[in-house]
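In the UniProt record's numbering, the protein residues as written are 1 to 677.
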Amino acid sequence: MDDSTVFGVRGWHVVKRWRRVAVALVVALVTVLVLPVPAAGAAVSVPMPGAGAVSAGAGAVMGGAADSGLGASDSRRSEGGRPDTAGLGAGDAADAVLASRAMVRIDVEDYRFSRYSAAFRLDRDAEGRSTLTTVETFVAEFPPEQNRGMRRAIPLDYEGHPTDVELVSVTDGDGAPRPVDTDTDDGFLVVTSAADGFVSGSQTYVFTYTQHNVTLPGSVTTSGEDEFVWDANGTAWGQPFDRYDVRVELGAGLSSAATGAMRCYRGPETSTQECAIDRDGAVISASGESLAPGDNVTVAIGFAPGTFTPRDDRYTASAWSWVQLSGAVLVLIALVLASLRRRTVLRDAPGRPAVVAEYDPPEEGLFLSAALLGKAPKAPAAAFLDAAVRGLVRIEETGDDGKPDYAVRVLDPAAAPPHRAGRPRPVASDDRRFFDIAFGTESGAVRVLSSKDKAFGKLVSEFQLGLGKRVAEAGLTRPGTVVGSVAVAVTALLGFAAAFVGGVVLLSNSFGGLLPVLLMLMALAAAVIAVALVAKVPMTRAGAELRDHLRGLELYIRLAEADRLAMLQSPRGADRRMLGSVEVVEVTERLLPWAVLFGLEKEWARALATAYEQTGQAPVWYSGSGGFQAAVFAGSVSSFSSSAAGFVCSSASSSSGGAGGGGSSGGGGGGGGGGGV
């Protein structure tokens with residue numbers, strides 16, 4: 001059979017690969033934005049009954065060859081260039097599973113199988129879908145004091161859909177139960193049977209399991225026939241097999257539906273060597289000797305079109321589609337409610353009709369202003385600089401030039417520079433509280449920014465967490481809107497959770513193609529937008545006035561930075577004489593902390609350095625390692641701002657912690673592999 005006979009089947013592989021990529025992307029996105037994904041595939045110890053029938057098949061079917069209309073093309077290659085076959089392809093994936101268990105000592109693989117026999121019963125369920133009951137017998141020949149047993153890797157998927165593998169039993173040759181542990185690993189059910197002590201000599205292991213949907217319909221095969229192509233032992237074995245016997249028993253009605261087209265292949269994955277295959281009524285068998293490590297036996301049988309009912313892969317074929325759809329609808333409802341709520345209940349009070357440039361800081365201070373604007377993380381660094389330009393502390397640069405460190409030292413108020421002491425400005429209560437947390441009340445206290453302080457970090461965290469409440473107490477925001485907003489947000493998150501869980505189940509069971517992924521992404525986007533819309537507290541008139549004042553202050557700083565418009569008090573207007581030079585410096589200094597709040601400290605520090613140069617002054621609140629140099633002053637201020645923010649953040653984060661995790665799995669076909677334990 002040449003490559004062209006499996007073109008239809010190859011498309012199934014492409015869909016399967018893209019589906020895995022889509023699942024991985026969605027899960028990674030949700031892990032980052034919303035919630036951690038628990039690791040899958042934990043080992044489970046299962047007590048096994050004596051024997052019984054079992055479920056579902058994995059294996060791959062292919063289109064017919066030119067001469068017989070059927071065959072397992074083991075010479076074709078997948079899109080990635082790797083050899084790929086409908087039945088034999090499973091073994092290649094099984095290799096990855098077994099290779100991942102590198103901790104197993106290599107000597108436990110040093111044994112052989114004197115016999116392998118597989119009894120497959122191919123049948124149909126009440127809906128006409130294919131079922132497969134597999135009874136595999138391995139007779140292992142173990143050397144003394146080496147092995148405790150063996151393991152069998154059974155593929156969980158077949159051509160992109162699960163086969164519902166159900167392990168029934170693991171016994172010895174007399175039907176007595178053997179110890180068994182099961183684990184899932186990269187699309188395989190790994191069944192391990194290991195005794196407490198060593199086993200040696202001839203040891204028989206009988207694995208019984210069932211599978212569903214193990215055939216391909218004629219609509220996807222080039223022969224136009226329904227086909228069953230199945231790996232027996234698989235290609236992922238490191239042991240030779242002295243003899244093999246493969247037997248396929250056809251269920252009621254299947255014997256007459258068989259077209260007579262049948263093939264047997266043996267050898268490694270790329271082998272085209274055929275082997276003898278016979279039919280006696282409802283039983284098709286193949287046997288032979290001497291399978292080398294990695295050799296496999298594949299049987300291929302053709303049936304009349306329509307013999308088996310294809311698996312229903314439609315989106316609505318699973319009840320989980322309604323779970324996902326319900327969740328998606330719930331998220332959309334939450335999004336509509338959030339949008340309406342944002343425009344009505346959460347609407348801010350009207351502020352100024354136009355933003356006017358301001359150069360006086362607001363009386364509410366840095367922390368309340370930062371909380372109102374959502375810039376609370378920048379406030380501590382700005383507060384350090386505010387205390388410095390007020391003459392309350394001095395910033396001292398230490399360390400080498402390559403990576404300077406900083407310390408903040410509390411000064412005696414009597415030592416404040418004359419032009420500051422003569423024009424004192426009131427300190428907002430929250431800004432004063434932060435100063436007390438950082439330094440206490442004693443002069444001479446020093447805060448070294450390169451050293452973490454867990455106690456300080458805890459106090460700052462508590463202080464910043466309470467800013468929202470203090471903003472409301474100051475009459476800047478309107479309370480009483482939180483409960484409704486939380487209800488809308490919870491509705492959105494519950495809807496997304498339903499859409500996500502339903503989508504994962506649908507994808508893992510191959511229902512609906514990529515539609516579950518699209519709905520998951522839509523639900524995620526809608527939930528994020530809905531939560532963002534209601535994640536605010538409306539401003540009162542006082543709050544809107546403060547907001548517009550701050551916008552004017554930022555406008556003034558940006559205008560000075562860009563040097564586009566000349567204003568009466570512009571610190572870049574060094575040629576203007578309407579203010580004295582000392583006043584220009586003072587105005588520029590007192591706005592430096594606010595420039596930090598707006599993220600404009602480097603540009604504003606350059607304006608301040610220019611003002612210092614033009615007045616022949618130096619910042620008494622900043623002590624650099626090499627004296628004042630206007631050219632490097634802006635960089636030093638920016639570096640200090642970053643260090644201060646990092647110090648507060650690292651100190652706060654050192655008092656708490658968290659973790660998350662995640663995990664994933666893939667698919668394969670019939671056959672598989674195994675090894676010793």
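Glycine included, every Cβ here is placed at the ideal spot set by N, Cα and C.
Quickly, what does DSSP pair residue i with across the bridge? List them, please.
i    : result
I395 : V408, Y622
P162 : D157
M539 : T477
C649 : BP columns for C649 are empty, so no partner.
I284 : V248, R279
P177 : T171
V299 : W230, C264
G184 : In the sequence as displayed, the identity of residue 184 is Thr instead of Gly. Partner(s): L189.
Y205 : F138
P120 : Looking at the sequence itself, residue 120 is Phe, so the reference to Pro does not match. Per DSSP, T134, V248.
A258 : F303
E274 : Y265
R243 : E289
Q211 : L132
How would you call residue i, buried or exposed, if buried means at least 16 neighbouring beta carbons within 10 angstroms?
i    : result
A357 : buried
F198 : exposed
A489 : buried
L524 : buried
D444 : Looking at the sequence itself, residue 444 is Gly, so the reference to Asp does not match. Flag for G444 reads exposed.
V446 : exposed
G646 : exposed
K403 : exposed
G365 : buried
G175 : exposed
A126 : exposed
L553 : buried
K454 : exposed
E363 : exposed
F292 : The identity of residue 292 in the sequence shown is Ala, whereas the question assumes Phe. A292 is exposed by the Cβ-count criterion.
Could you compute how far the alpha carbon of residue i sits from the alpha carbon of residue j?
i    : j    : result
L519 : V220 : 28 Å
E397 : L555 : 31 Å
R470 : L521 : 38 Å
D196 : D172 : 16 Å
A544 : D412 : 38 Å
H212 : G187 : 16 Å
V317 : D123 : Sequence check: residue 317 is Ala here, not Val. Approximately 22 Å between the Cα atoms of the pair.
E613 : Y622 : 15 Å
E136 : V531 : 55 Å
V448 : A407 : 4 Å
T215 : D226 : 7 Å
D436 : T344 : 40 Å
A338 : I529 : 9 Å
V677 : V297 : 24 Å
A236 : A140 : 16 Å
A194 : G201 : 15 Å
V299 : Y265 : 7 Å
A605 : D386 : 13 Å
A472 : K452 : 32 Å
A370 : P538 : 16 Å
F228 : A492 : 46 Å
F640 : R341 : 42 Å
L514 : G218 : 24 Å
A349 : G374 : 17 Å
A376 : T615 : 34 Å
Measure the beta-carbon distance from residue i to residue j and round it to whole angstroms, keeping in mind my assumption that it falls under 8 Å.
i    : j    : result
E269 : Y209 : 23 Å between Cβ atoms; not a contact.
S638 : K602 : 4 Å
R115 : P240 : Contact flag wrong, Cβ pair sits at about 12 Å.
V246 : V206 : Incorrect: roughly 15 Å between the Cβ atoms, too far for contact.
L332 : V534 : The pair is not a contact, with the Cβ atoms about 15 Å apart (cut-off 8 Å).
H161 : R311 : 6 Å
P380 : A644 : 6 Å
I154 : V191 : 7 Å
A261 : G302 : 4 Å
L559 : T588 : Wrong, their Cβ atoms sit about 13 Å apart, outside the cutoff.
R121 : E249 : 5 Å
For residue i, would you say it is in contact with chain D, using Cβ-to-Cβ distances shorter than 8 Å as the test?
i    : result
R115 : No chain D is present in this structure, which holds just one protein chain.
(request) Decide if the region 143-162 is in contact with the region 125-132; the criterion is three or more beta carbon pairs, one per stretch, under 8 Å apart. (result) no
(request) Check whether the region 249-268 touches the region 295-312, counting contact only when three or more Cβ pairs, one atom from each stretch, lie closer than 8 Å. (result) Segment contact: the region 249-268 against the region 295-312, three or more CB-CB distances shorter than 8 Å; contact assigned.
(request) Determine, using beta-carbon pairs with one atom in the region 322-329 and one in the region 493-512, whether at least three such pairs fall under 8 Å. (result) yes
(request) Report yes or no: do three or more beta-carbon pairs, one from the region 478-497 and one from the region 280-298, lie closer than 8 Å? (result) no
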